[in-house]
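> Quick one: the structure is below, and I'll ask about it shortly.
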Amino acid sequence: MRIHQVRKDDGSVEAAIRSIDHTLEGERGKERDQAAAVKYRATELLDLFGGKSFTEISQDEFKTERDKTYALLARVGLDPEAVVNQLKQRMSKWLTKGSFGRDSTGRLNRLITTQALSAAHRRAIMRERGIGGPIVGKFVRMREALTFEREFCRTIFQDVTAHLRPEAMPSHMLFKYPTRRPGNVGIVRGMIHTMCFQLGLPHVKTYRTIGRQVEVILAEVEELLRQGKRAEIVQRGLFPQAYQLLVDELGKRQDIYP
């Protein structure tokens, strides 16, 4: 099972989660189809070979049944020689062995054939029960990690957005009356510095990208505030710029499946 680098939707974490969901859905479906195919074919051959004497079955009939088995395995993407999973390897090899109706010496052998087909059927059932094993589990854990990171990023954005609402920090006396004597500059600079730190924490796209953009804007606000250039902060609309970037991103990425 493979998952490729996500490029759609600007490589967003939401696109990555959707990609994993698609991979898991396809993989689970493929695994179920393979196990069901082996189980069905093993039962079909057991019924066929059990209903008549091997001496009544011609070589052409055996060949026809072998061809049917190989065609079925190919249709569900199961190559006995290439498969890595041990259980899948065994169930497919027992099935092909049972399709020949012969033992290792090349003689027609009902007992060996029946044992091989029964083993294939049994392992197919075991495989059905084991679907969702280590490989699938790895991708499930990846999804959980991405989902957690997404929620972490959104929480940071929501927290910073709350501070940047028009009625919040932009309405502080420092910015509402930029020509008056300043007060609490240190506290406000500290709050802005904390927001910059928070915005540097996201590690997934596109929250990381937008977070860095807003961080740059707020870092400039902090520097202008340090220089006493509060009027410039207001005139350039730096708070509204930062606020809108966050609001737009939160809205755009509100749902994993838009």
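Sequential numbering from 1366 applies to the sequence shown in the working numbering.
All residues carry an ideal CB built from backbone N, CA and C; glycine is no exception.
How many Å lie between Tyr1405 and Ala1489 at the Cα?
Rounded to the nearest angstrom, the two C-alpha atoms are 9 angstroms apart.
> For the alpha helix (DSSP H) containing Val1579, list its first residue and its last residue.
Residues Tyr1572 to Arg1591.
> For His1387, count the other beta carbons within 10 Å of its own beta carbon; 16 or more makes it buried, fewer makes it exposed. Which is it?
Exposed: under 16 other Cβ atoms inside 10 Å.
> Does Leu1443 come out as helix, strand or coil in the three-state DSSP assignment?
Correct three-state label for Leu1443: coil.
> Measure the C-alpha to C-alpha separation of Ser1418 and Ala1447 and round it to an integer number of angstroms.
Each residue's Cα considered, the two are about 34 angstroms apart.
> According to DSSP, is Leu1566 part of a helix, a strand, or is it coil?
Note: Leu1566 maps to coil in three-state DSSP.
> For Arg1515, which three-state DSSP category applies?
Reduced to three states, the DSSP call for Arg1515 is helix.
> Let me know the beta strand (DSSP E) ranges lying completely inside the segment 1389-1463, each 3 residues or longer, listed in chain order.
DSSP runs (the beta strand (DSSP E)) wholly in the segment 1389-1463: none.
> Can you grab the Cα-Cα spacing for the pair Tyr1427 / Gly1466, in whole Å?
Note that residue 1427 corresponds to Phe in the displayed sequence, not to Tyr. Distance between the alpha carbons of Phe1427 and Gly1466: 7 angstroms.
> Grab me the residues of Ala1607's own chain with a C-beta within less than 7 angstroms of its C-beta, minus the 5 sequence neighbours each way, in chain order.
Here the set comprises Leu1529, Val1579, Ile1582 and Leu1583.
> If Ile1385 and Met1507 are in contact, beta carbons under 8 angstroms, what's the gap, nearest whole angstrom?
Right, their Cβ atoms sit about 6 angstroms apart.
> Does Arg1618 pass the burial test, meaning 16 or more other C-beta atoms within 10 Å, or should it be called exposed?
Arg1618 comes out buried.
> Is it the case that the segment 1511-1521 contacts the segment 1591-1602, given that we only count it when at least three CB pairs across the two stretches are under 8 angstroms?
The segment 1591-1602 vs the segment 1511-1521: no contact.
> Quick one: is Leu1476 buried, meaning 16 or more other Cβ sit within 10 Å of its Cβ, or exposed?
Exposed, by the Cβ-count rule.
> Which residues in the same chain as Asn1474 place their Cβ atom closer than 7 angstroms to its Cβ, once the five residues preceding and following it in sequence are excluded?
Result list for Asn1474: Arg1467 and Asp1468, in chain order.
> I need the straight-line Cα distance from Arg1440 to Thr1512, nearest angstrom please.
Computed Cα separation, rounded: 35 angstroms.
> I need the boundaries of the alpha helix (DSSP H) containing Ala1676, first residue and last residue.
Missing from the structure shown is residue 1676; the chain here goes from 1366 to 1623 and no further.
> At what residues does the alpha helix (DSSP H) containing Gln1609 begin and finish?
Run containing Gln1609: Leu1603 to Lys1617, per the alpha helix (DSSP H) assignment.
> DSSP has Arg1545 in a bridge; who is on the other side?
The partner list for Arg1545 (beta bridge, DSSP) is empty, contrary to what the question assumes.
> Please report the Cβ distance between Gln1399 and Leu1460, rounded to the nearest whole angstrom; I am assuming they are in contact, meaning their Cβ atoms lie under 8 angstroms.
That pair is no contact at about 11 angstroms.
> Does the ligand ZN have even one heavy atom less than 7 angstroms from the beta-carbon of Leu1411?
You won't find the ligand ZN in this model; it holds no ligand whatsoever.
> Please report the distance separating the alpha-carbon of Glu1514 from that of Ala1527.
For Glu1514 and Ala1527, the distance between alpha carbons rounds to 20 angstroms.
> Where Arg1397 and Glu1390 are concerned, what is the direct C-alpha to C-alpha distance, given to the nearest angstrom?
Cα to Cα, the separation comes out at about 11 angstroms.
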